[in-house]
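Colleague: Keeping their order, the protein sequence lines are chains H and C. Each residue of the first sequence is one higher than the last, beginning at 10 in our numbering. Each residue of the second sequence is one higher than the last, beginning at 128 in our numbering. Next up is a structure, given as structure tokens.
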Amino acid sequence: MAVPKLEQLSKSVVQGPSLATGAIPTRDWMDIPVHFKEGNYAYPAKKEKVEYLDSQKGLSFPNARIWSPEDDDWKLPEDWKEIILNGLKERLGKFRSLKIFMDCCVRCGACADKCHFFLGTGDPKNMPVMRAELLRSIYRNDFTLAGKLLGRMAGAREMTVGVLKEWFMYAYQCTECRRCSVFCPYGIDTAEITIILRELLHLVGVGINWILEPVSNSNRTGNHMGLQPHTYKDNVEFLADDIENLTGVRINPPFNKKGAEVLFITPSADVFAEPGLYTAMGYLILFEAIGLDYTWSTYASEGGNFGLFTNNESMKKLNAKMYAEAKRLGVKWILGGECGHMWRVLHQYMDTMNGPADFLEVPKSPITGTVFDNTASTKMVHISEFTADLIKHGKLKLDKSRNSHVKATFHDSCNPARAMGLLDEPRYILDHVVDWVEMPENTIREQTFCCGSGTGLNTDEIMELRMRSGLPRANAVKYVHEKHDVNMLSCVCAIDRATLTSLMDYWNPGVRVCGISELVGNALVLEGETRGELDDGLRTLL
Amino acid sequence: MKYAFSFLAVIVLILIAGVGSQIAGMPYFFGVFVPYVAIAIFLGGFVYRVVQWAKSPVPFSIQTTCGQGKSLEFIKHNRLEAPDTTAEVVARMLLEIFTFRSLFRNTKSEIHDGPKITYESSKWLWLFGIVFHYSFLIVVIRHMRLFLNPVPEVVAFLDWADSMFEIGVPSMYMTTAGLIGGAALLFSRRLVNRHVRYISLVNDYFPLVLIFAIGVTGALMRHFLRDGIDIVAIKQLAVGLVTFSPVINGEIGAIFYIHVFLVATLLVYFPFSKLMHLGGVFLSPTRNMKNNSRAVRHINPWNPDIKPHSYAGYEDEFREFMVDAGIPVEKELPAQKD
Numbered sequence: 010m011a012v013p014k015l016e017q018l019s020k021s022v023v024q025g026p027s028l029a030t031g032a033i034p035t036r037d038w039m040d041i042p043v044h045f046k047e048g049n050y051a052y053p054a055k056k057e058k059v060e061y062l063d064s065q066k067g068l069s070f071p072n073a074r075i076w077s078p079e080d081d082d083w084k085l086p087e088d089w090k091e092i093i094l095n096g097l098k099e100r101l102g103k104f105r106s107l108k109i110f111m112d113c114c115v116r117c118g119a120c121a122d123k124c125h126f127f128l129g130t131g132d133p134k135n136m137p138v139m140r141a142e143l144l145r146s147i148y149r150n151d152f153t154l155a156g157k158l159l160g161r162m163a164g165a166r167e168m169t170v171g172v173l174k175e176w177f178m179y180a181y182q183c184t185e186c187r188r189c190s191v192f193c194p195y196g197i198d199t200a201e202i203t204i205i206l207r208e209l210l211h212l213v214g215v216g217i218n219w220i221l222e223p224v225s226n227s228n229r230t231g232n233h234m235g236l237q238p239h240t241y242k243d244n245v246e247f248l249a250d251d252i253e254n255l256t257g258v259r260i261n262p263p264f265n266k267k268g269a270e271v272l273f274i275t276p277s278a279d280v281f282a283e284p285g286l287y288t289a290m291g292y293l294i295l296f297e298a299i300g301l302d303y304t305w306s307t308y309a310s311e312g313g314n315f316g317l318f319t320n321n322e323s324m325k326k327l328n329a330k331m332y333a334e335a336k337r338l339g340v341k342w343i344l345g346g347e348c349g350h351m352w353r354v355l356h357q358y359m360d361t362m363n364g365p366a367d368f369l370e371v372p373k374s375p376i377t378g379t380v381f382d383n384t385a386s387t388k389m390v391h392i393s394e395f396t397a398d399l400i401k402h403g404k405l406k407l408d409k410s411r412n413s414h415v416k417a418t419f420h421d422s423c424n425p426a427r428a429m430g431l432l433d434e435p436r437y438i439l440d441h442v443v444d445w446v447e448m449p450e451n452t453i454r455e456q457t458f459c460c461g462s463g464t465g466l467n468t469d470e471i472m473e474l475r476m477r478s479g480l481p482r483a484n485a486v487k488y489v490h491e492k493h494d495v496n497m498l499s500c501v502c503a504i505d506r507a508t509l510t511s512l513m514d515y516w517n518p519g520v521r522v523c524g525i526s527e528l529v530g531n532a533l534v535l536e537g538e539t540r541g542e543l544d545d546g547l548r549t550l551l
Numbered sequence: 128m129k130y131a132f133s134f135l136a137v138i139v140l141i142l143i144a145g146v147g148s149q150i151a152g153m154p155y156f157f158g159v160f161v162p163y164v165a166i167a168i169f170l171g172g173f174v175y176r177v178v179q180w181a182k183s184p185v186p187f188s189i190q191t192t193c194g195q196g197k198s199l200e201f202i203k204h205n206r207l208e209a210p211d212t213t214a215e216v217v218a219r220m221l222l223e224i225f226t227f228r229s230l231f232r233n234t235k236s237e238i239h240d241g242p243k244i245t246y247e248s249s250k251w252l253w254l255f256g257i258v259f260h261y262s263f264l265i266v267v268i269r270h271m272r273l274f275l276n277p278v279p280e281v282v283a284f285l286d287w288a289d290s291m292f293e294i295g296v297p298s299m300y301m302t303t304a305g306l307i308g309g310a311a312l313l314f315s316r317r318l319v320n321r322h323v324r325y326i327s328l329v330n331d332y333f334p335l336v337l338i339f340a341i342g343v344t345g346a347l348m349r350h351f352l353r354d355g356i357d358i359v360a361i362k363q364l365a366v367g368l369v370t371f372s373p374v375i376n377g378e379i380g381a382i383f384y385i386h387v388f389l390v391a392t393l394l395v396y397f398p399f400s401k402l403m404h405l406g407g408v409f410l411s412p413t414r415n416m417k418n419n420s421r422a423v424r425h426i427n428p429w430n431p432d433i434k435p436h437s438y439a440g441y442e443d444e445f446r447e448f449m450v451d452a453g454i455p456v457e458k459e460l461p462a463q464k465d
């Protein structure tokens, strides 16, 4: 679907009726059915991808079929309702968070205007409280006394195909960014709701291709791009070639090297597409500068985990490769690249799911001797923690003037900010490598706004939706772009690097996007280098 | 409609108690039986709900961090917003529970031409909430003077402090105004704020109307409808209820039974409604977990046994390419047959 012109959308987000329903509703939300049309939904998963995943040990993706959200008949299995309600019952027993979040909401509305999807679309069902009510109404109907006795009066409704369609619409208009959870007086986390909704939908074969294809690619080839080992290696070596052209220093990155001290894992997008490529060049330059004994892996070649956007089983299965590979290669600890949801999985899920990693050692920087006690159990360190420590100990020779073509600002990626508390390490690095300014205070740190396309929503068929949901972030960038001539939006997330680029091109032309490590790579002085004046840093075309 | 229904429901409750209590023999029903049943349902229901919650495990460490986590020595750790120890979690929870810290952060967003989105601090909800909840708490504690003999000093002090402005005779409690006013403001907010109006259910209006009515009947009893409000008899009944030897001496006015019946309704309603946020706020995993999930392993009791797609399987599929590309392999290619 064509994306509307900037002027049109600029007017529409201010004055226009809501996106999905076509009007500011006068009717009760339960009476407004969803309407799918080209452009407001992400394409369903291809049948063969679902079948492949279903064939994998430990995973269950039943009811693979060809279907379209626009059809009346979604070809659901006959007993779909029973499957959904049993699935919900099972999850209520497995997740205390779900029970508490179903029971405790008082509908105070504090979350309502905190959601980027709501701000961009004006659709009431994108208020986080309403997204939860879509599920809560069913919960009330089948699992609470009040709902059973009083029905709709108590906010309950029966599970119908219409409700299922509504779930599909709104579970995929949430990026699990957790901004609402910061403002909720009970910490109700819509990410939990969305995760459960998506899990339930997969039980009846309802999922989107932009997520399930990456899941199956990650499972088979190790990375979501589906890069096979030789291609992955080639891509990294191309980057080393570029570095040689720019700096005169030849880097020979090691792959699948047994006995290396550190295993390095980053999102595969970093070695595949601009502008992530420059971030990956930054990693290579950094490791070369400090002489790190490390290795890339082609088997565990994906930091990002599309399982988080699918269900906890596939999250676990994909994540398990990291420890398996660390064990096979005999490394001491793992270093992780810049990525958002990847780090939610690593910080909050990995150890629980696939630990204990007792075959690894507590990470210790071989350069500074710093022991990363905060990772004592997981044994996985974030590249920003690692780099900040190097800078603090004066181990990097940095020439800030090499970034003089850049005036940066910093986008806190949702998950490092709200699921990890990684806020000041990247800022510490920025202070040492570039001239930069903060965006307005309600849009940064724990209040940061999502890029609008996370959790597997960065697919082109919903571009208008993405530009809408990304508006709050873009608008804050626009402010510093106009006020401080900011021309670079830096971040620590691979999805951001891909999606914010489209977002900036649309809302704020002239602002580019980069990873923190690219700026480090720009500023870092390598021994023996013959780097001349590069007026665009690592992006300079020679 | 939803709010009108809530008023209707409360009016019906008032009529039941007002008329019912005047029928001979019924004061014992409304003054003794109903309170006992209500308390039993409240306590039983509350415990039941909390036990139900506790039965489900917390499989993952899903804390929401609202500040800098503990990492390097030179990075300042925000101990309240990204707690690393139990003491820090307790501090975070206490601030949440006693100061409504998350609500204090609240902002209001508006979209202007441009488009330009603005965010400004909006503390009304926080203020209404604080006034309402603290008033309610003090009102409940104050009422202990009716149930306990002798009256504990703390309760007597609260009673004195709450009425220190000595407005009216007997002097008005500030918290009575706070409770009634708070409920009215929270109710009005539901009607005025378009987001909240759209999401509000009967479940949201009803408890506010009910509590409003409880406050109003209480105030009426103290200040206006004093006929038949024999404080000695009431105290005797209240202490009797606590000591399981309730007696009703003489006639107590209908307004008393209405007040008690509305409170009983609230108690019965409580465990089956959103009012359980009182218990839930303590158990919310995003707030009560430590942000130390990389330092200490969190255990999932139902962790499924799922293995990754094996390296061996991966190498089997791509071995030829890997060997060609010079990537080390575990098993060499079979010797070429010429």
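Glycine residues also receive a C-beta, built at the ideal position from the N, C-alpha and C atoms. Quantities reported herein were computed from a predicted structural model and do not represent experimental measurements.
(1) From the DSSP output, read off the bridge partner residues of residue 305(H).
(2) Are the C-beta atoms of residue 190(H) and some chain C residue less than 8 Å apart?
(3) Can you find a CB in chain C that lies within less than 8 Å of the CB of residue 462(H)?
(4) Which residues, in chain order, does the stretch 218-241 of chain C contribute to contact with chain H at a C-beta distance below 8 Å?
(5) Enumerate, from N- to C-terminal direction, the unbroken alpha helix (DSSP H) stretches of 4 or more residues contained entirely within the stretch 33-68 of chain H.
(6) Please decide whether residue 265(H) counts as near chain C, where near means a Cβ-Cβ distance under 8 Å.
(7) Between the C-alpha atoms of residue 272(H) and residue 331(H), what's the straight-line distance to the nearest angstrom?
(8) Decide if residue 519(H) is buried, meaning its Cβ has at least 16 other Cβ atoms within 10 Å, or exposed.
(9) Are at least three pairs of beta-carbons, each pair with one atom in the stretch 400-418 of chain C and one in the stretch 105-115 of chain H, less than 8 Å apart?
(10) Can you give the Cα-Cα distance for residue 181(H) and residue 198(H), rounded to whole angstroms?
(11) Reducing DSSP to helix, strand and coil, say where residue 188(C) ends up.
(12) For chain C, check one thing: does any of its Cβ atoms lie closer than 8 Å to the Cβ of residue 135(H)?
(13) With 7 Å as the C-beta to C-beta threshold (strictly closer), list the residues of the stretch 93-111 of chain H near chain C in chain order.
(14) Taking all protein chains shown into account, do 16 or more other C-beta atoms lie within 10 angstroms of the C-beta of residue 15(H), making it buried, or fewer, making it exposed?
(15) Under 8 Å: do the stretch 304-314 of chain H and the stretch 524-535 of chain H share three or more Cβ pairs, one atom per stretch?
(16) In the DSSP assignment, find the beta strand (DSSP E) that holds residue 497(H) and state where it starts and stops.
(17) Residues of chain H with a CB under 7 Å from the CB of residue 413(C): which are they?
(18) Would residue 111(C) pass as an interface residue toward chain H - the criterion being a Cβ-Cβ separation below 8 Å?
(19) May I ask you to verify whether the stretch 449-460 of chain H touches the stretch 422-432 of chain H, counting CB pairs closer than 8 Å and requiring at least 3?
(20) Please identify the residue among 435(H), 225(H), 323(H) and 79(H) whose C-alpha is closest to the C-alpha of residue 199(C).
(21) Check the Cβ of residue 511(H) against every Cβ in chain C and list those closer than 9 Å, keeping chain order.
(22) Take every Cβ of the stretch 392-410 of chain H, pair it with every Cβ of the stretch 439-446 of chain C, and state whether three or more of those distances are shorter than 8 Å.
(23) Under three-state DSSP, which class holds residue 344(C)?
(24) Output the distance between the C-alpha atoms of residue 419(H) and residue 439(H), rounded to the nearest integer angstrom.
(25) Residues in its own chain within less than 7 Å of residue 213(H) by CB, not counting five upstream and five downstream?
(26) Sort 235(C), 169(C), 342(C) and 219(C) by Cα distance to residue 260(C) and report the nearest one.
(27) Look at the alpha carbon of residue 303(C) and the alpha carbon of residue 380(C), and state the distance between them as a whole number of angstroms.
(28) Of all the options 318(H), 312(H) and 172(H), which has the alpha carbon lying nearest to the alpha carbon of residue 231(H)?
(29) Within a Cβ cutoff of 7 Å, which residues of the same chain sit near residue 31(H), ignoring the five residues on either side of it in sequence?
(30) Which two residues bound the contiguous alpha helix (DSSP H) that contains residue 259(H)?
(31) Rounded to the nearest angstrom, what separates residue 202(H) and residue 174(H) at their Cα positions?
(32) Considering only the beta carbon of each residue, do residue 455(C) and residue 265(H) sit closer than 8 Å?
(33) Using a Cβ-Cβ cut-off of less than 8 Å, give me the residues of the stretch 339-367 of chain H that come near chain C, in sequence order.
(34) For residue 370(C), count neighbouring Cβ atoms within 10 angstroms of its own Cβ and tell me buried if that reaches 16, exposed if not.
(35) Buried or exposed, going by whether 16 or more other CB atoms sit within 10 Å of the CB of residue 128(C)?
(36) How long is the line joining the alpha carbons of residue 317(C) and residue 324(C), rounded to whole angstroms?
Modeller: Taking the structure as given:
(1) As a working note, residue 305(H) is residue 296 in the first sequence. 264(H).
(2) What you label residue 190(H) is simply residue 181 of the first sequence in a count that begins at 1. Interface residue, yes.
(3) Start at 1 with the first residue of the first sequence, and residue 462(H) comes out as number 453. Interface criterion not met: the Cβ of residue 462(H) is under 8 Å from no Cβ in chain C.
(4) The residues in question are 223, 227, 229, 230, 232, 233, 234, 235, 236, 238, 239, 240 and 241.
(5) Correct list: 56-63.
(6) The residue given as residue 265(H) occupies position 256 in the first sequence. Yes - at least one Cβ of chain C is within 8 Å of the one on residue 265(H).
(7) Stepping through the first sequence from its first residue, residue 272(H) is reached at position 263. Stepping through the first sequence from its first residue, residue 331(H) is reached at position 322. Answer to the nearest angstrom: the Cα atoms are 9 Å apart.
(8) On the first sequence, residue 519(H) is found 510 positions in, with the first residue counted as 1. Burial state of residue 519(H) is exposed, judged by a 10 Å Cβ sphere holding fewer than 16 other Cβ atoms.
(9) Contact between the stretch 400-418 of chain C and the stretch 105-115 of chain H is present, because at least three Cβ pairs lie under 8 Å.
(10) Here the question's residue 181(H) lines up with position 172 in the first sequence. Here the question's residue 198(H) lines up with position 189 in the first sequence. Roughly 16 Å separates the two Cα atoms.
(11) Counting from one through the second sequence, the residue named residue 188(C) turns up at place 61. Reduced to three states, the DSSP call for residue 188(C) is coil.
(12) Stepping through the first sequence from its first residue, residue 135(H) is reached at position 126. Not an interface residue.
(13) 101, 102, 103, 104, 105, 106, 108 and 109
(14) Here residue 15(H) corresponds to residue number 6 of the first sequence, with the count starting at 1. That one is exposed.
(15) In short, these stretches do not touch, since the Cβ pair count stays below three.
(16) Within the first sequence, numbered from 1, the residue matching residue 497(H) stands at position 488. First-last of the beta strand (DSSP E) with residue 497(H): 497-500.
(17) By 1-based counting over the second sequence, the position of residue 413(C) is 286. Correct list: 190, 196 and 198.
(18) Because chain C spans 128 through 465 in this model, residue 111(C) falls outside it and cannot be assessed.
(19) yes
(20) Counted from its first residue, the second sequence places residue 199(C) at position 72. For residue 199(C), the nearest C-alpha among the options comes from 435(H).
(21) Mapped onto the first sequence, residue 511(H) falls at position 502. In chain order: nothing, as chain C lies at least about 18 Å away.
(22) no
(23) If you number the second sequence from 1, residue 344(C) lands on position 217. Judged by DSSP in its simplified three-state form, residue 344(C) adopts helix.
(24) Counted from its first residue, the first sequence places residue 419(H) at position 410. Counted from its first residue, the first sequence places residue 439(H) at position 430. The alpha-carbon atoms of residue 419(H) and residue 439(H) are separated by roughly 9 Å.
(25) Numbered from its first residue, the first sequence carries residue 213(H) at position 204. Excluding sequence neighbours, residue 213(H) sits near 72, 85, 86, 89, 92 and 93.
(26) Within the second sequence, numbered from 1, the residue matching residue 260(C) stands at position 133. Of the listed residues, the one whose Cα sits closest to residue 260(C) is 342(C).
(27) Taking the first residue of the second sequence as 1, we reach residue 303(C) at position 176. Taking the first residue of the second sequence as 1, we reach residue 380(C) at position 253. So the alpha carbons of these two residues sit roughly 20 Å apart.
(28) Translated into the one-based positions of the first sequence, residue 231(H) becomes position 222. Answer by Cα proximity: 312(H).
(29) Taking the first residue of the first sequence as 1, we reach residue 31(H) at position 22. Bear in mind that a pLDDT of 41 at residue 31(H), under 50, signals an unreliable position, so the model cannot answer this.
(30) Working through the first sequence from its first residue, we reach residue 259(H) at position 250. Secondary structure note for residue 259(H): it is in no alpha helix (DSSP H), with a DSSP letter that is neither H nor E.
(31) Numbered from its first residue, the first sequence carries residue 202(H) at position 193. Numbered from its first residue, the first sequence carries residue 174(H) at position 165. Using only the alpha carbons, I get a separation of about 16 Å.
(32) Sequence index remark: in the second sequence, residue 455(C) carries index 328 (1-based). Sequence index remark: in the first sequence, residue 265(H) carries index 256 (1-based). In contact: residue 455(C) and residue 265(H) (Cβ atoms closer than 8 Å).
(33) 355, 356, 357, 358, 360, 361, 362, 364 and 365
(34) In the second sequence, the residue the question calls residue 370(C) occupies position 243. The residue in question, residue 370(C), is exposed, as its Cβ has fewer than 16 Cβ neighbours within 10 Å.
(35) As a first step, residue 128(C) is located in the second sequence; it is residue number 1 there, counting from the start. By the 10 Å Cβ count, residue 128(C) comes out exposed.
(36) Within the second sequence, the letter at position 190 stands for residue 317(C). Within the second sequence, the letter at position 197 stands for residue 324(C). Going from the Cα of residue 317(C) to the Cα of residue 324(C) covers about 5 Å.
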